[in-house]
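See below for the structure under consideration.
Residue numbers (my numbering): 309 to 365.
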């Protein structure tokens, strides 16, 4: 079974190199850290309707 799953492995979402088991789904710790930084700096966002903070009360 492992041979089948490696054949269907997705590329690294940051640099498109083949992913490695130790850093899945990334190819390296560097790409993993780049992705984490993007989340922490709000570079990624989930689309949705804008909310009005005044309506929250």
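For glycine and all other residues, C-beta sits at the position ideal for the given N, C-alpha and C.
| query | result |
| --- | --- |
| In chain order, what residues of the same chain lie with their CB nearer than 6 angstroms to the CB of residue 350, ignoring the 5 residues before and after it? | none |
| Rounded to whole angstroms, what's the CA-CA distance from residue 352 to residue 346? Just pull it up for me. | 6 angstroms |
| Between which two residues does the alpha helix (DSSP H) harbouring residue 341 extend? | 337-348 |
| Between the C-alpha atoms of residue 316 and residue 333, what's the straight-line distance to the nearest angstrom? | 12 angstroms |
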